[in-house]
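These notes are about the structure you will find just below.
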Amino acid sequence: MKYCLNCGTQLPEKAKFCTVCGEEQVAIAPTPEKPVTPSEKQAPSQPPPALEKAKGKSEQYPTLSLHTLEPGDEFHGYTIIRLMNKDSEGMKYIASKNDKEYILKVFYKSRYVDIDKLFDQQTLLSRINKLDSEHIAKVEEINQSHNEAFLATRFVQGISLDKLKKQNPQRITEDFVRDVAIQLIKTTMLIRKHGLSVNKLLLSSMMIDDAGKLVIISSGITYGDTDEREDIHTIGAILAQLLSKHTLYQSLYRPERLLEVKFQYLHDVTNSFNKILAMCLHRNILHRATSLQQVLDSLQKMPAYDANDLWREQEKHTLGMDELEREIIKPRLGVEWGFVVLVGVVLLIIALFLFTNIFSIIFRRSDQPFTISGFLPTDSLRTDAAQSSHRVGGDISPSQTEYGMLKSTQRQAPQGPSLDRRSAGSATSPATTAKPAVKQAPMPDYMVHIPAGSFGFGRLKENLNHNVSQNGFYISKYELTQKEWVRYMKPAAVSLAGDNLPVENISWESIITYCNGRSEAEGLTPAYKIEFKDQERIVSCSFNANGWRLPTEAEWEMAAKAGALFEYSGSDTHNDVSWNRDNSPARIQPIGKKNANSFGLFDMTGNVSEWCWDWYDANYIRAQQRFINPSGPDSGTQRVIRGGNVMNGEGRNLNILYRDRGNPNRGIPYVGFRLVRSR
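Remember, our numbering sits 73 above the position in the sequence shown when you count from 1.
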């Protein structure tokens with residue numbers, strides 16, 4: 074076999090270039106075979122001629138392809154027994170030295186091409202060398218030099234958890250996994266004290282030695298400043314894989330999937346253990362166990378295994394024919410007098426309202442005697458309906474509008490003269506009997522007017538030319554709060570609840586419903602028109618309407634820049650104007666606590682990202698053809714998101730020009746919005 078020494082890709086023997094990284098591969102002339110004499114057989118310590126030649130070539134050509142070491146080859150005092158495997162870092166061999174067996178890992182030179190990789194690799198090796206625990210494979214030797222860097226650890230006599238799960242699953246009982254969990258967590262606590270992590274740990278990276286102890290090998294340990302709760306999540310996924318009886322346990326309980334799919338209790342596992350797994354595997358890191366010590370305490374306080382405490386889904390019982398006959402309930406043949414009376418009362422009430430003047434007597438306090446007047450004229454019925462709507466509709470607003478469901482809100486009854494059917498006569502037109510319009514609400518104080526002008530859409534200091542002209546508009550100083558949202562909509566599944574916190578994890582479609590419903594409630598002309606075509610919801614926007622709406626992407630960027638060319642909205646220093654991963658990791662903050670930009674807008678960078686009106690197209694800004702009031706592509710599958718949030722750090726994702734996107738039908742954690750009005 075032949076591998077590229079730069080990236081480790083397996084190559085054909087005659088390959089001249091690597092198909093992945095493109096490095097030139099220097100061919101090595103094969104050594105002619107010759108008969109082996111008995112004296113040569115007894116001198117295995119002499120490296121093969123081909124290896125000597127390859128070594129000489131590798132010194133001349135640093136990107137020389139790496140050939141695997143063969144059994145019997147010598148490498149820095151170690152005798153190769155056999156090749157174990159290879160990974161992204163290098164080749165692993167079983168080797169011997171002084172009658173002891175070791176795992177020998179030879180690193181690719183690509184690990185030392187980048188200065189950051191070099192630093193991380195050397196830091197990892199030096200810290201692993203300081204680990205002293207019976208549960209960590211003992212490091213025998215480390216060579217950190219750029220040429221032939223390697224790591225030698227003692228060979229653990231035993232079996233990996235991966236092989237044990239596949240070859241001897243009956244050995245993996247809950248008591249066995251409990252014992253493994255306690256050993257694993259204690260060892261992880263030691264590993265983290267040395268600035269290392271196990272967030273890439275796999276079943277294949279852990280061994281059970283002949284004495285039954287857990288041993289973590291070096292490939293399961295990584296260098297990096299990771300959150301302790303990430304290691305807790307990885308450990309929870311490993312324990313779930315061990316306990317699961319499903320044949321696809323590695324796919325169902327891999328850590329990446331458990332960040333997206335809610336953990337479900339495992340069958341035939343005690344409820345107490347399932348609760349601990351759920352505490353470790355919560356998708357929201359804020360609701361996860363806060364420390365390894367907390368998980369360890371919970372494990373040690375767990376009651377002993379009890380078969381009566383196992384969690385099982387309630388089995389569905391299928392009735393047999395004899396049981397089915399007994400279960401059949403014979404229909405009642407008697408008269409349901411209660412239902413008959415109810416129907417009679419309803420019919421009587423309808424008849425009284427249709428054929429008598431009881432409506433006028435009860436609701437209008439008329440002095441006329443009770444009479445049976447038959448059907449009223451059509452115009453009179455219309456006038457009655459208008460008067461009823463005029464009286465009743467003014468007290469409580471309807472919960473259902475043509476734009477979607479809204480919460481009921483108290484509304485003032487309209488002032489003015491009431492309509493009278495007797496005085497209106499037949500001259501009353503449909504226009505005069507329509508529901509009165511709600512008085513238009515004034516523009517709130519928190520709305521800031523952005524004057525019309527031009528700016529460089531998608532451009533900063535590298536290109537100062539303006540390419541877009543934009544009409545003036547009003548935009549909210551703040552991101553919409555949870556208190557404002559629940560006035561009209563159901564509470565959202567936010568990461569942190571609070572009246573003055575921005576609402577997030579809401580879909581673009583639900584925002585459209587909110588905007589139109591609020592516009593209607595405040596007497597404004599809704600900006601959005603919602604139609605259905607082939608069962609598909611189609612939303613169009615009237616930018617001339619005075620109702621509430623989302624900003625276009627161009628409006629959002631114009632407001633965020635506020636006439637300046639800062640990297641972030643209002644400053645080149647991200648912590649001055651934003652809540653982000655560096656100063657508030659994964660925790661949203663009350664609105665308006667950071668510095669505003671020149672327009673007086675807060676949190677345009679950070680806290681929560683913000684939905685925009687436009688469809689998303691990666692090439693839209695570069696290839697745009699509309700330069701006056703652009704509103705995005707005509708169609709698409711995802712909507713634009715701008716601004717960055719508390720999950721983003723300094724750099725690209727918080728940059729004022731960074732464009733993100735999302736499915737408009739789904740809420741996204743840490744993505745909210747702010748309101749805009751054209752006038």
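Ideal placement from N, C-alpha and C gives every residue a C-beta, glycine not left out.
- With 16 or more neighbouring CB atoms inside 10 Å of its own CB, Ser580 falls in the buried class.
- If you look at Ile305, you'll find it in the alpha helix (DSSP H) that goes Glu301 to Leu316.
- In summary, Leu537 is exposed, with fewer than 16 beta-carbon neighbours lying within 10 Å of its beta-carbon over all protein chains present.
- The beta carbons of Ile661 and Asn648 sit no closer together than 8 Å.
- CA-to-CA, the gap between Asp733 and Cys91 works out to about 35 Å.
- Cα atoms of Asn589 and Lys634: separation of roughly 28 Å, rounded to the nearest angstrom.
- DSSP places Trp652 outside both helix and strand once states are collapsed to three, so it counts as coil.
- Around the beta-carbon of Thr246, fewer than 16 other beta-carbon atoms lie within 10 Å, marking it exposed.
- Where Gln256 is concerned, there is no enclosing beta strand (DSSP E), although the alpha helix (DSSP H) around it starts and stops at Glu247 to Lys266.
- DSSP, reduced to helix, strand and coil, places His539 outside both helices and strands of the structure shown, so it counts as coil.
- A check of alpha carbon separations from Leu730 across Pro742, Ile741 and Gly717 identifies Gly717 as the nearest.
- Inter-segment contact for the stretch 315-326 and the stretch 287-306 is absent: fewer than three beta-carbon pairs are separated by less than 8 Å.
- Around the CB of His355, 16 or more other CB atoms lie within 10 Å, so the residue is classed as buried.
- In this structure, Val713 and Gly705 form a Cβ contact; the two beta carbons are roughly 7 Å apart against a cut-off of 8 Å.
- Its chain contains Ile245, Leu276 and Leu315 as the residues whose beta carbon lies nearer than 7 Å to that of Lys238, once the 5 sequence neighbours on both sides are disregarded; these appear in chain order.
- Between Val749 and Pro624, the CB-CB gap stays under 8 Å.
- The alpha-carbon of Ile258 is positioned some 24 Å away from that of Glu333.
- Under the three-pair Cβ rule at 8 Å, the stretch 225-239 counts as touching the stretch 285-292.
- Bridge pairing for Ala168: Ile153 and Tyr175 [DSSP].
- Under DSSP, Asn216 shares a beta bridge with Phe223.
- A Cβ-Cβ distance of about 5 Å is found for the pair Leu365 and Met262, placing them in contact under the 8 Å criterion.
- Leu359 is not a Cβ neighbour of Phe336, given a cutoff of 8 Å.
- Taking every protein chain shown into account, the CB of Ala566 has fewer than 16 other CB atoms within 10 angstroms, so this residue is exposed.
- Boundaries around Glu604 are those of the beta strand (DSSP E), Tyr601 to Lys606, since no alpha helix (DSSP H) includes it.
- Between Asp518 and the set Lys534, Val541, Phe528 and Ser549, the nearest pair of CA atoms involves Ser549.
- With 16 or more other Cβ atoms inside 10 Å of its own Cβ, Trp688 counts as buried.
- For Gly526, the three-state secondary structure derived from DSSP is strand.
- Straight-line measurement puts the Cα of Gly740 at about 16 Å from the Cα of Met720.
- Taking a 10 Å sphere around the C-beta of Asn272, we find 16 or more other C-beta atoms and assign the residue as buried.
- In the assembly as shown, Ile664 is a buried residue. Its beta-carbon has 16 or more other beta-carbons within 10 Å.
- Ala168 sits away from Tyr181, with the two beta carbons spaced by 8 Å or more.
- The Cβ atoms of Asp160 and Ser371 do not sit closer than 8 Å to each other.
- Taking Arg715 as reference, the option from Met631, Ser644, Val413 and Ala618 with the minimal CA-CA separation is Met631.
- Sorting Glu162, Asn158, Glu409 and Lys87 by C-alpha distance to the C-alpha of Ala222 places Glu162 at the top.
- The C-beta separation of Glu582 from Pro737 comes to about 6 Å, placing the pair in contact by the 8 Å criterion.
- About 26 Å separates the CB atoms of Ser345 and Asp300; that is not less than 8 Å, and the two are not in contact.
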